Structures are given as structure tokens and as C-alpha cells.
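Enquirer: Sharing a structure, written as C-alpha cells. Questions coming.
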Amino acid sequence: MNGWILAATVELGGGGAAALWGVTTGPPARRVVAQNLTTSAVCPALLLLAQGYGRPSYVDLALLLALLGPVGTLVFARLLSDDLAGERPGAWPLTWTAAGLGAAVVLALCVAGAPGRATVKLLVIGALLISGNVIASRALAGGYRGVRGG
Amino acid sequence: MHVLPYPVAAYIFLTGCYGLATSRNLIHAVGCLAVCQSATYVLLLAVGYRDGGTAPVFSDMKPGSRPLVDPVVQALTLTDVVVGATVTALLLALVLQIAKRHGTVDPDELRELRG
Amino acid sequence: MTRRTAPRAALLAAGELLAWWAVLALLWLVLISTVDTLERIVGASCAAVGALLARTGRRAVSWR
Amino acid sequence: MNRLRLWLLAVGGAGLAALLVAACLDLPGFGGSRHPYGDRAVRAALSRHTANTIASVNFDQRAYDTLGEMSILFAAVLGCVVLLREARDEHRARPEPADVARPVRRYALLVLPVALVTGLYVIAHGQLSPGGGFQGGVVAATALHLLYLGADYHALERVRPLGVYETTDALAVSSYLVLGAAGILAGTAFLANTLLPYGTFNTLSSGGTVPLLNAAIGMEVASAVVVLLAHFLDQAVEIEEEHGRGTP
Amino acid sequence: MSDALIVVVLLLVAGSATAAVAQRDPARQALVLSFLGVLLAALFTVLQAPDVGLSQLAVGSALTPLLIMLSVRKIRRRGRSEEEDG
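Protein chains in written order, with my numbering: chain A, 149 to 298; chain B, 95 to 209; chain C, 58 to 121; chain D, 306 to 553; chain E, 1268 to 1353.
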């Protein structure tokens, strides 16, 4: 139909398949990293879909994912901290690549749309997405070293 | 393409049932039940979809300007998601109670315990 | 000693609440699409709840 | 025994699969253009000035369903509270304070109010844009638990007086019922949307009783999720069995 | 183009549902379930049901994993304290 939906298809297909592969195989450390990257793969795709369908109200989905996705990763980082203790999964190159992808999508959408309130909303979502993913990566890389009983 | 989503829903449901029947851990079984429930969401929403349609939400578009998908099945699915979440929570509470009473969460061991 | 610090602490608390309230009210204005009076009232009260919770949470955690 | 069960499962699964495939082939084609109920629901929603048809179906045309859904949620939370209460052979142990990395702690403290306000926005705009009481309620309740994730359980307990949330839950359920009963008093039917003026299309006050019912559900869900998670957290973090006493 | 998108997301959902059943360890299953929840939200967006997508996102991305992981932790702790006793 249009380029935005094509981009979303590529992003969902590629990112989703990669995340599915990562989340089902390998040691726990790799699985939680893949779970964290799910957010950074799907959230830009949702933004692209909102633009592709011409429905600004679909942006709320991306907003909620940018808020709750990192929270989900923090859940695993905290409650699996015993299993992750020896491994310190950081995957910083991957995290920054995903952050760059999110930033690129948000900037492209900002340029495509008319400047206004929607642009600021997009920027807020982008900031939440990137900071959430970086912090979640930090939490996986030994953010909960002293958690025993709690 | 005309029927693809329906077999996918059936497949997800049967996969979840297989997991339920062969599960060796009650928490895992609750997760499989969640998978079964997601099959119903896929089926309901596939029934309501219309080619080229868009959501019947008029905060950002004029009524009547585009074809619309079916809102009734969406409302049903919304209820389904809510009930699914509460069922998961209640079953997990039951599993914790079983673990406390019997000291195991393996269904086979539980059957042996009962005699 | 306490007589001098008490008003300062109150001022700091009010400042923190006001700053959070302003940020959250701005966030509300960004999220919505059309602005009218009722929208402003609801937004201001939701931002006030958020600001209260932000301060309570910060005090419960004791920032380090 | 085990082999037998697998065989039984295979036979039953194959039969069910055959039936399901036969049913799939007989369903109306995917993406078809005939949706009689949908078209009528959209028309009814527009006539009552509700911009989000799904909210209109949930809180106006089929508000009775939502009452049932809400009772299920309420009953499930009640069941969890009963199942997960502290038994006589258990005691509470205070968990050691957690040592969380500083950026994670700051992120949790900064995102907590943002997520709460976003949840309230989703509730308040349920009848206009996608969203509603259920979605926003879960988001607001999840936001509160950032304090557990970013600090420790003790911090969460300090901002979460459980009694208040239990009372709010019950109050929200009864306010939904009262709003429904008000329809009877006004001379129409239970939960009929004839009480309030429909207002201007696409504003916060449009849709008659829809925004009020929406807000009641939002309060109910938010406090129900908080109570639910509180009991699970109690079990996972604080409650321990007495040592030296064997399991029955 | 829309059709291709629907097919891609449907196949991903089917794949992750299979994976969620195949993981026998509850903690690992919770990881796949949270992935499945986010993916289902994307599928609902593609099927033009943003309301359902929002509630699936709210439930599936943080709430269900939190409930499952708390149960896992409780049962693991029970196991550990019994080992210490016996």
C-alpha cells in the first residue's frame, strides 16, 4: 500500500524473527537480551503502522509499549538476577544499534508529519523508548547485584 | 489468504492443548492455558476484519470516510483479554496453594500423592 | 534550628511538587489532541495526583 | 499409562483438528465486507455521540456484559486474597534491602509519575481514542510497582496502603452498580444510557454515562491489580514457612 | 501489501506460541510469553483493533510475566528452605 507499511513489515518480520530466535535458544543471558530487544523492534514498527494507516490515534500503542516494555525487562532482570549473576549480559553494541533504529524512525516520522503537538508526542515516545532500553540493558548487566531476599 | 487466520487460530489452540496435557509443571500449564486463550483472540478478531478497513474510532477521522472493521467482536475480545488475565492470576494462586499443601507442582506426583 | 529549617523544607517540598506538576501537565497537553476547559481541569488534577505520587515515591526510596 | 495418555491425546487432537479445519472452511471468508452487527453498532455509537465505538459497545450497548466481566475480576481478586493469605504456620520475614544500580533507581523514580499520568490519560480518553478503563487501570497499577523494581519491596509498601486500595475496589464496583440503578430510578432500564445529555461529539464530556462507567472500571481495575500483585509479592518476598516443621 | 503484513505477523505469532509451549522451564516460558504478548499486540494493530492491542500490551508485556515470575520465585524459595531443613 505504501512505504510506511512496507517498512513496518520489514521491521516486524526481521526484528520479530530475530527476537523469537534469540528468546527461545541459548543461555538465559541471551534470552533476556532478546526479550529486551523485542520492545525496540516492535515499538518503531507500531509508529510506522500508525503513519501508514493514517491514524494518529494508533500512536498510543507505541507510547504504552515504550513505557511498559522496559518495565517487563526490569521484572526479568530483578527476578532472574540469581541466574544472570555470573553472566552479565550487556550486549551494548546491539542496544545502541536498536536505539539508533528507534531514533531514525522517530526522526523520519517527525520530518514527514506537520510540526505540532503530534511531533512533540513522537519525540516523547522516542525519548522514553531509547532511555527505557538503555536502562533495561544496564539493569541486565548487573543492575541488581545485591538482590537476595527482596 | 482467504482462510489463513482461522487455521492459525486452530493451530495455536491445539498447540496450547498439547502443552497442557503433557506439562510436568503446573506453572508451565498455566502458561499453556494463556496460549490457548490467545487463539480465541486471533479467531474473534479475524472474523471481524474487513479488507482495507480501519478501526471504528472517530477521534482522528470523519465518520463515514473509510470502511470500518467490526467493533462488536473487538469488544468481545477486550472482555476475553481481561478474563484471561484474571484466570491466569487465580490459577497461579491455586498453584501456590498446591505447592504449599503438597510440596510439589508436578501433576504426576500429585496424582500419586492422592493415591 | 528547626524554626529556621522548617519553612525551607516546606518551600523545597512545594517547589518539588510544583515542578513535577508543571512537567506532568505539559505531558498531558502533549498527549491530547484538542484542548478545552474540561480537558484542562482533568489534566491539571491528574498531574497533581502524579506529582504527589512522584514526591511520595522519591521519599520512600531515599534518593542516593 | 503415560503412553496410553499420549495416544488418547493424539486421537482426540486429530479429531478436534479435523473438526476445526472443517469449521474454518465454512466460516465467512477473512476480510469479507458483510458485518451487519458491526455496522449497526457504529450507527448506534454515532447517534449517542461516542467517538470510540468499542467503548460505546462496552459501556453502553453491552454494559451488562461489562458488569459481568467486572464481577469476574472482583471475584478472582477475592479468591486470590483468600488463597494467598498468611496461614498460621507462616511468618513474615523482612527482606534485606536490595542494592539496585543508581541509573535503574533513577529511571524508576522518573518514569513512575509519567506512567501514572499516561494511565490516567488512557482512562480519561477511553470514549474518544483507543483505550479505556481497563487498559489505563492496568498501566497505572503497573506504574506503582516500578518502586518494587527500582528499589525494594519496603519502598512500595510505604506508598501502598493496602486497605485504601481494597476500599477503592469495592467503591468502584458499587459506583458502577449505582450508575446502572440510576437508570431505573430515572424511569428507563438498568444501565440504559439515557441519564445524561450526550454532549458535543469528540469531547471529554460526550457519550452520556459512558465516561463515568469508564472511570469506575478504571478505578476498579487499577485497585484490583494492585491488591492482586500485593498478595503475590507478599508470598514471593515476605512470607516464609516456619522452619523445623515438615510439610503435611 | 497489507495482506503480506498480516501473513508475516500471523506466522510469527504461531511460531512464538509453539515456542511458548515447547519451553518446559516456567521462567524461560515467561520470557517467551512476554514476547508473545507484545507480538499479539502488533497483530491486533494490524487487524485494526487498537483497543484490544492496548489491553494485550498492558497485560502481556508486564503484568503476566510479573505474576508468573513471582510464582516461580515463591516455589524456588520453598524448595531452597526445604533443602536447608532436611
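Just so it is clear, CB atoms sit at the ideal spot from N, CA and C, and this is done for glycine as well. It should be emphasised that the depicted structure is a prediction, and the values quoted were computed from it without experimental measurement.
Applying the 10 Å Cβ sphere with the 16-neighbour rule, what's the burial state of E:Lys-1341?
Expert: Buried.
Enquirer: Any chance the segment 401-417 of chain D sits against the segment 456-473 of chain D, with 3 or more Cβ pairs inside 8 Å?
Expert: yes
Enquirer: May I ask you to verify whether the segment 145-157 of chain B touches the segment 1291-1310 of chain E, counting CB pairs closer than 8 Å and requiring at least 3?
Expert: In short, these stretches do not touch, since the Cβ pair count stays below three.
Enquirer: Any C-beta of chain E sitting closer than 8 Å to the C-beta of B:Ala-179?
Expert: yes
Enquirer: Leaving out the 5 sequence neighbours to the left and right, which residues in its chain are closer than 7 Å to A:Ala-303 when beta-carbon positions are compared?
Expert: An answer regarding residue 303 of chain A cannot be provided, because it is not within the stretch 149 to 298 covered by chain A.
Enquirer: Go through its chain and collect everything with a Cβ distance to D:Ala-368's Cβ below 8 Å, but skip five positions before and after it.
Expert: Gly-485, Leu-496, Asn-498 and Leu-518
Enquirer: Among the residues of its own chain, which have a CB less than 8 Å from the CB of D:Ile-489, if the five just before and after it don't count?
Expert: Phe-495
Enquirer: Would you kindly report the start and end of the unbroken alpha helix (DSSP H) that includes C:Arg-112?
Expert: 94-118
Enquirer: Select from the segment 205-218 of chain A all residues with a C-beta closer than 9 Å to any C-beta belonging to chain D, and list them in chain order.
Expert: Ser-205, Tyr-206, Asp-208, Leu-209, Leu-211, Leu-212, Leu-215, Leu-216 and Pro-218
Enquirer: Please classify A:Ala-262 as buried or exposed, where buried requires at least 16 other C-beta atoms within 10 Å of its C-beta.
Expert: exposed
Enquirer: Under a CB-based cut-off of 8 Å, is A:Ile-278 close to chain D?
Expert: no
Enquirer: For a minimum of 3 consecutive residues, which ranges assigned as the beta strand (DSSP E) are wholly contained in the segment 336-375 of chain D?
Expert: none
Enquirer: If D:Leu-467 and D:Val-532 are in contact, beta carbons under 8 Å, what's the gap, nearest whole angstrom?
Expert: 7 Å
Enquirer: Roughly how many angstroms separate the alpha carbons of B:His-196 and B:Gln-168, rounded to a whole number?
Expert: 41 Å
Enquirer: In chain order, which beta strand (DSSP E) runs of at least 3 residues are fully inside the segment 177-262 of chain A?
Expert: none
Enquirer: Please work out which residues of its chain come closer than 8 Å, Cβ to Cβ, to D:Arg-308, disregarding the five sequence neighbours upstream and downstream, and give them in chain order.
Expert: none
Enquirer: If you pair each beta-carbon of the segment 239-247 of chain A with each one of the segment 270-287 of chain A, do three or more pairs fall below 8 Å?
Expert: In short, these stretches touch, since the Cβ pair count reaches three.
Enquirer: Just list the residues that DSSP pairs E:Arg-1347 with in beta bridges.
Expert: Note: E:Arg-1347 is not bridge-paired with any residue in the DSSP secondary-structure output.
Enquirer: Using a Cβ-Cβ cutoff of 8 Å, what residues of the segment 145-160 of chain B are near chain A? List them in chain order.
Expert: Taking 8 Å as the Cβ-Cβ cut-off against chain A, the residues of the segment 145-160 of chain B that qualify are Thr-148, Ala-149, Val-151, Ser-153, Asp-154 and Met-155.
Enquirer: Which same chain residues, not among the five before or five after E:Val-1299, have their C-beta less than 7 Å away from its C-beta?
Expert: So the qualifying residues of the chain are Ser-1283, Ala-1286, Ala-1287 and Gln-1290.
Enquirer: Tell me, please, which residues DSSP counts as bridged to D:Arg-397.
Expert: D:Ile-544
Enquirer: When the Cα atoms are used, what is the spatial distance from A:Ala-256 to A:Gly-161?
Expert: 20 Å
Enquirer: Would A:Asn-150 be called buried (16 or more neighbouring beta carbons within 10 Å of its own) or exposed?
Expert: exposed
Enquirer: What whole-angstrom Cβ distance do A:Ala-225 and A:Ala-287 have, given they're in contact under 8 Å?
Expert: So it is a contact: roughly 4 Å between Cβ atoms.
Enquirer: Taking the DSSP output, what are the residues bridged to B:Arg-144?
Expert: D:Gly-336
Enquirer: At the 8 Å Cβ level, is D:Leu-325 part of the contact set with chain E, yes or no?
Expert: no
Enquirer: Indicate whether at least one CB of chain A lies closer than 8 Å to the CB of C:Leu-95.
Expert: no
Enquirer: Is it right to say D:Ala-319 is buried, meaning 16 or more other beta carbons lie within 10 angstroms of its own, or is it exposed?
Expert: exposed
Enquirer: Relative to the alpha-carbon of A:Thr-187, which residue among E:Pro-1317, E:Ala-1316, E:Ser-1328 and E:Leu-1277 has its alpha-carbon at the smallest distance?
Expert: E:Ser-1328
Enquirer: Does A:Val-282 get closer than 8 Å to chain E when you measure Cβ to Cβ?
Expert: no
Enquirer: I need the DSSP call for D:Leu-389, collapsed to helix, strand or coil.
Expert: coil
Enquirer: Identify the continuous alpha helix (DSSP H) that holds D:Val-427 and give its terminal residues.
Expert: 407-429
Enquirer: Would you say C:Val-92 faces chain D, with C-beta separation under 8 Å as the test?
Expert: no
Enquirer: Can you give the Cα-Cα distance for B:Leu-56 and D:His-536, rounded to whole angstroms?
Expert: In the structure as shown, chain B begins at 95 and stops at 209. Residue 56 of chain B is therefore absent and cannot be evaluated.
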